[in-house]
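K.L.:
In order, the protein sequences belong to chains A and B.
Heads up, the first sequence is in my numbering, so the first residue is 1400 and it goes up one at a time.
Heads up, the second sequence is in my numbering, so the first residue is 1400 and it goes up one at a time.
The beta carbon of each residue, even a glycine, is placed where N, CA and C say it ideally should be.
Note that this is a predicted model, so its numbers are computed, not measured.
2 protein chains.
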Amino acid sequence: MGARCERSVQLALKAFIEGSAELIAEVKSLDRHIDRDEMESDELALRILALRQPVAHDLRLLATALKLVTDLERIGDIGVNISERVLELNQEPPLKPYVDLPVMAEETQRMLHDALDAFVAGDAEAAHRVIERDVTIDAYYSQIFRELLTYMMEDVRNIYRATRLQSIAKYLERVGDHATNLAEMVVFMVKGQDIRHAGKLSTTEK
Amino acid sequence: MGARCERSVQLALKAFIEGSAELIAEVKSLDRHIDRDEMESDELALRILALRQPVAHDLRLLATALKLVTDLERIGDIGVNISERVLELNQEPPLKPYVDLPVMAEETQRMLHDALDAFVAGDAEAAHRVIERDVTIDAYYSQIFRELLTYMMEDVRNIYRATRLQSIAKYLERVGDHATNLAEMVVFMVKGQDIRHAGKLSTTEK
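(1) For Ile-1543(B), which residues of its own chain have a beta-carbon under 8 angstroms away from its beta-carbon, when the five flanking residues on both sides are left out?
(2) Between the region 1449 to 1465 of chain B and chain A, which residues of the former have CB atoms less than 7 angstroms from a CB of the latter, in chain order?
(3) Just to confirm, is the Cβ distance from Ile-1423(A) to Arg-1403(A) under 8 angstroms?
(4) Compute the Euclidean distance between the alpha carbons of Leu-1467(B) and Gly-1478(B), then round it to the nearest angstrom.
(5) For Leu-1548(B) and chain A, any beta-carbon pair shorter than 8 angstroms?
(6) Within the 8 angstroms Cβ cut-off, does Thr-1535(B) reach chain A?
(7) Please list, in chain order, the chain B residues whose beta carbon lies closer than 7 angstroms to that of Tyr-1559(A).
(8) Check Gln-1490(A) in the structure and name its three-state DSSP category.
(9) Enumerate in chain order the residues of its own chain whose CB-to-CB distance from Leu-1409(B) is below 8 angstroms, with the five nearest sequence positions on each side excluded.
(10) So, do the region 1581 to 1593 of chain B and the region 1515 to 1526 of chain B have three or more beta carbon pairs nearer to each other than 8 angstroms?
(11) How would you list, in chain order, the residues of chain B whose beta-carbon sits under 7 angstroms from the beta-carbon of Met-1552(A)?
(12) I'd like to know if the region 1532 to 1540 of chain B and the region 1568 to 1579 of chain B are in contact, where contact means that at least 3 CB-CB pairs between them fall below 8 angstroms.
(13) Determine, using beta carbons only, whether Leu-1600(A) and Arg-1431(B) come nearer to each other than 8 angstroms.
(14) Closest to Ala-1464(B) by CA distance: which of Phe-1518(B), Asp-1476(B), Arg-1484(B) is it?
(15) Identify the continuous alpha helix (DSSP H) that holds Lys-1569(B) and give its terminal residues.
(16) Using only alpha-carbon positions, find the residue among Asp-1533(B), His-1596(B), Asp-1476(B), Ala-1597(B) that is nearest to Ser-1407(B).
(17) May I ask which residues mark the beginning and end of the alpha helix (DSSP H) holding Tyr-1550(B)?
(18) Given this structure, state the Cα-to-Cα distance separating Tyr-1570(B) from Leu-1412(B), to the nearest angstrom.
(19) Report the residues of the region 1582 to 1593 of chain A with a CB closer than 8 angstroms to any CB of chain B, ordered along the chain.
(20) Using C-beta distances below 7 angstroms, list every residue in its chain close to Gly-1591(A), excluding the 5 sequence neighbours before and after it, in chain order.
(21) According to DSSP, simplified to helix, strand and coil, what is Arg-1484(B)?
(22) Cβ closer than 8 angstroms: which chain B residues qualify as neighbours of Leu-1443(A)?
(23) Quick one: using the 10 Å Cβ neighbour count with 16 as the cut-off for buried, is Glu-1505(A) buried or exposed?
(24) So, using beta-carbon positions, are Ile-1558(B) and Met-1510(A) closer together than 8 angstroms?
(25) Based on Cα-Cα distance, which residue from Thr-1469(B), Thr-1579(B), Leu-1448(B), Tyr-1550(B) lies nearest to Asp-1457(A)?
(26) Can you give the Cα-Cα distance for Leu-1515(B) and Ala-1561(B), rounded to whole angstroms?
(27) What do you get for Glu-1417(A), buried or exposed, if any count of 16 or more other CB atoms within 10 angstroms of its CB means buried?
(28) So which residues on chain A does Leu-1600(B) lean against when the C-beta distance must stay under 8 angstroms?
(29) DSSP three-state call for Val-1408(B): helix, strand or coil?
(30) Is it buried or exposed for Thr-1549(A), if we count other Cβ within 10 angstroms and need 16 for buried?
(31) So, with DSSP's three-state summary, where would you put Glu-1449(B)?
(32) Any idea if Gly-1401(A) is buried or exposed, counting beta-carbon neighbours within 10 angstroms, 16 or more meaning buried?
(33) At 8 angstroms on the CB atoms, spell out the chain B contacts of Arg-1545(A), in chain order.
(34) When you compare the CB positions of Leu-1486(A) and Ala-1420(A), do they come within less than 8 angstroms of one another, or not?
Structure, rendered in structure tokens:
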């Protein structure tokens, strides 16, 4: 399921960068696979919980599986969403030579890949390194959004395309968030330690 | 946790409609509560799974709880996101008299409220009715987006505010998605029947 999610985002972005529409059918087919994966994974996790009554690490693994498929399934949806924006963009000439967006796309894909690797390897250290990279993705989004605003203000004919590009950047930012969630769950699975909201809660009142 | 999510979205939208900034501190405080609720709920669900080894309906309830808190936690984040956009909007005069966005906001809040009610009551029929309403929310988003595009094209000075309003509409659309997820989980919890992706998978190849 994780491999299909990676492939989905990869193909959607390939369609964007190469201006090709053929890959989009494949993204949609992957999404249907990912949807089925989600349902099958949940069914299996529940069956194991009912029949084997696992504890400690095994229980955490199953709880993680139940949660993690939600993030993966949304990544599959995001692949489709990006494809739809790419189709709309392909109907017009490119707004500009894209520089930041491909770099953001690369970085986001790497983050997702490393989060899934950390899960498979049960590597909490690697998961921590993934989490640290989310600020970079967020910074890319802000930068791209600001740049797109200037294009919109320059010429009204840019507005529609700029909003499509902004959506793609926003979807990438959300893939980064999902990768972060995956990585946080890996830490929980391996160490039994819930690090979600750690930054936010420690800096605020109890 | 559900009540806090409702309140968070409600306050963020009140801040938007009344142009008031005071409510935003409360939204942020609610978000921190919701984050803690998520962690506590997960801890409790795992403890019950480990100690009681539940089966059938009880097991489905716990699996639902593990999944559902993820959607609720994101709704808490969305409350904060909406507040941030409201703060940015408040720095300038309103773009136009808002008509559709308050209606969309009302409808989204009702959907969330009804999804949570269906969970508490274990009412699968009510959950089905919630799911059907998501198309309306999506239609509102498309309509608002199109209208905002025309404002952007009319005057460059509208662009920034229009992008803030678009974000708010998008966040509402996502609250609708989360409410739909909650409702689908209620059906699963009550009937043991996984209806996710039902429409999408039945209309496509096996």
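P.N.:
By the coordinates alone:
(1) Contacts found: Asp-1499, Leu-1500, Met-1503, Leu-1564, Gln-1565, Ala-1568.
(2) Residues passing the 7 angstroms Cβ filter: Ala-1449, Gln-1452, Val-1454, Leu-1458, Ala-1462, Leu-1465.
(3) No; because the gap between Cβ atoms is not below 8 angstroms, this pair is not in contact.
(4) A direct Cα-to-Cα measurement between Leu-1467(B) and Gly-1478(B) gives close to 17 angstroms.
(5) Cβ-Cβ to chain A under 8 angstroms: yes for Leu-1548(B).
(6) Closer than 8 angstroms: no.
(7) Those are Leu-1548, listed as they occur along chain B.
(8) The answer is coil: DSSP assigns Gln-1490(A) none of H, G, I, E or B.
(9) For the record, residue 1409(B) in the displayed sequence is Gln; it is not Leu. Excluding sequence neighbours, Gln-1409(B) sits near Gln-1508.
(10) The way I'd put it, the region 1581 to 1593 of chain B does touch the region 1515 to 1526 of chain B; three or more beta-carbon pairs between them come closer than 8 angstroms.
(11) Within chain B, Val-1555, Ile-1558 have C-beta atoms less than 7 angstroms from the C-beta of Met-1552(A), given in sequence order.
(12) They touch, by the three-pair rule.
(13) Against a cut-off of 8 angstroms, the Cβ pair of Arg-1431(B) and Leu-1600(A) comes out as a contact.
(14) For the options Phe-1518(B), Asp-1476(B), Arg-1484(B), the alpha carbon positioned closest to that of Ala-1464(B) is the one of Phe-1518(B).
(15) Element bounds for Lys-1569(B): 1558 to 1590.
(16) Considering only alpha carbons, the answer is Asp-1476(B).
(17) First-last of the alpha helix (DSSP H) with Tyr-1550(B): 1533 to 1553.
(18) So the alpha carbons of these two residues sit roughly 11 angstroms apart.
(19) For the region 1582 to 1593 of chain A, which is checked against every Cβ of chain B, the residues closer than 8 angstroms are Asp-1593.
(20) Contacts found: Arg-1459.
(21) It is helical.
(22) Those within 8 angstroms of Leu-1443(A) in chain B number zero; the least Cβ separation is about 12 angstroms.
(23) Glu-1505(A) is exposed by the Cβ-count criterion.
(24) Result no, Cβ atoms of Ile-1558(B) and Met-1510(A) do not sit closer than 8 angstroms.
(25) That would be Leu-1448(B), whose Cα lies nearest to the Cα of Asp-1457(A).
(26) Approximately 32 angstroms between the Cα atoms of the pair.
(27) Answer is exposed; the Cβ neighbour count stays below 16.
(28) Those within 8 angstroms of Leu-1600(B) in chain A are Arg-1431, Asp-1434, Arg-1435.
(29) Here DSSP, grouped into helix, strand and coil, assigns Val-1408(B) to helix.
(30) The residue in question, Thr-1549(A), is exposed, as its Cβ has fewer than 16 Cβ neighbours within 10 Å.
(31) In the sequence as presented, Glu is not what sits at residue 1449(B); that position holds Ala. If DSSP states are grouped into helix, strand and coil, Ala-1449(B) belongs with the helices.
(32) Result: buried.
(33) Neighbourhood of Arg-1545(A) in chain B, by CB distance below 8 angstroms: empty, with the nearest CB roughly 10 angstroms away.
(34) Less than 8 angstroms separates the beta-carbon of Leu-1486(A) from that of Ala-1420(A).
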